[in-house]
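A.B. asks: For the sequence shown, the residue numbers in my numbering are 51 to 286.
All residues carry an ideal CB built from backbone N, CA and C; glycine is no exception.
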Amino acid sequence: MNTSTTSRAFNRIVWSALTSRQAGLAIGNERARRFDPDYAVFAATADNTPDSLEALADLLRPGDDSIYLMQQDTIALPGRLETMASAPGVLMVKRRVCPLPSARHGIIALGAADAPEMRALADLTKPGPFRARTHELGCFWGIRIGGRLAAMAGERLNLDGYTEVSGVCTHPDFRGRGLARILSAHAAAQIEARGDTAFLHAYADNETALKLYQSLGFDIEARISVAQVKLRSDPS
Numbered sequence: 051m052n053t054s055t056t057s058r059a060f061n062r063i064v065w066s067a068l069t070s071r072q073a074g075l076a077i078g079n080e081r082a083r084r085f086d087p088d089y090a091v092f093a094a095t096a097d098n099t100p101d102s103l104e105a106l107a108d109l110l111r112p113g114d115d116s117i118y119l120m121q122q123d124t125i126a127l128p129g130r131l132e133t134m135a136s137a138p139g140v141l142m143v144k145r146r147v148c149p150l151p152s153a154r155h156g157i158i159a160l161g162a163a164d165a166p167e168m169r170a171l172a173d174l175t176k177p178g179p180f181r182a183r184t185h186e187l188g189c190f191w192g193i194r195i196g197g198r199l200a201a202m203a204g205e206r207l208n209l210d211g212y213t214e215v216s217g218v219c220t221h222p223d224f225r226g227r228g229l230a231r232i233l234s235a236h237a238a239a240q241i242e243a244r245g246d247t248a249f250l251h252a253y254a255d256n257e258t259a260l261k262l263y264q265s266l267g268f269d270i271e272a273r274i275s276v277a278q279v280k281l282r283s284d285p286s
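(1) What residues match up with A272 in a beta bridge as DSSP calls it?
(2) Under 8 Å, with one C-beta from each stretch per pair, do the stretch 220 to 232 and the stretch 195 to 205 reach the 3-pair mark?
(3) State whether the stretch 174 to 185 contacts the stretch 253 to 260, with contact taken as three or more CB pairs (one from each stretch) at a distance under 8 Å.
(4) Using the Cβ count rule (16 or more neighbours within 10 Å means buried), how would you classify I77?
(5) Hey, is the stretch 115 to 126 in contact with the stretch 274 to 284, meaning 3+ C-beta pairs nearer than 8 Å?
(6) Opposite V64 in the DSSP bridges: which residues?
(7) Just reading off the beta strand (DSSP E) that A237 is part of, what are its end residues?
(8) Alpha carbon to alpha carbon, what distance is there between L209 and S70?
(9) Should T258 be labelled buried (16 or more other beta-carbon atoms within 10 Å of its own) or exposed?
(10) Please state whether the Cβ-Cβ distance between A94 and V140 is less than 8 Å.
(11) Going by beta-carbon coordinates alone, are A90 and L160 separated by less than 8 Å?
(12) Following the continuous alpha helix (DSSP H) through S265, name the residue where it begins and the one where it ends.
(13) Whole angstroms are fine: how far does the CA of R194 sit from the CA of G267?
(14) Do L109 and R84 have their CB atoms nearer than 8 Å?
(15) According to DSSP, which residues form a beta bridge with K280?
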């Protein structure tokens with residue numbers, strides 16, 4: 051993927067995923083798409099034209115259904131949608147080679163049998179939205195200590211040539227041991243071993259996370275906007 055193609059793919063990265071490798075998980079059409087909500091909460095439009103924005107609104111159900119938009123482009127909404135929360139973020143790409151941190155505890159592959167613990171850990175630590183089948187979006191790895199799932203990291207967005215490191219979290223009882231660093235590095239190494247480039251997202255004000263990821267070879271590629279939106283309760 052050349053530089054100009056990469057820039058376009060990253061501009062609306064959720065759209066890039068839902069129109070390439072993860073098209074099979076998409077609900078929508080050529081104007082707007084969202085992930086099957088069992089897997090992820092993200093959605094995107096092809097552009098900011100009125101037709102695309104209205105198509106986005108059509109993807110939401112009345113009530114408490116919401117979606118997350120995450121893109122470099124300015125987030126525009128049709129009148130039927132309202133913002134619940136928003137924050138600036140960054141997209142980071144692993145361009146540098148850094149030595150892997152040593153692991154005192156064994157890293158294991160996580161699967162369907164671990165799903166209840168994975169979701170419980172995500173609900174507790176809130177690394178980002180984690181739905182019933184989020185663990186099926188890609189590979190996930192974890193570290194168990196005393197039989198408990200102490201930390202995990204995995205994959206989320208997947209587009210041509212790139213796979214996202216996501217779901218990085220550590221149980222409060224096991225923080226301060228470098229487990230997030232170990233698992234983030236392991237996930238990135240596994241992605242690179244398949245021939246993809248690893249990338250990730252972080253909130254722009256999370257300095258601790260930014261320093262961690264920079265130490266692992268990730269650099270800020272783009273500034274992005276993140277917003278959680280839903281249908282207005284009173285469309286008028």
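C.D. replies: Taking the structure as given:
(1) L141
(2) yes
(3) no
(4) exposed
(5) yes
(6) DSSP, once it has assigned bridges, lists no residue as partnering V64.
(7) It is not in any beta strand (DSSP E) - A237 instead sits in the alpha helix (DSSP H) that spans 229 to 243.
(8) 6 Å
(9) exposed
(10) no
(11) no
(12) 257 to 265
(13) 26 Å
(14) yes
(15) S116, E132
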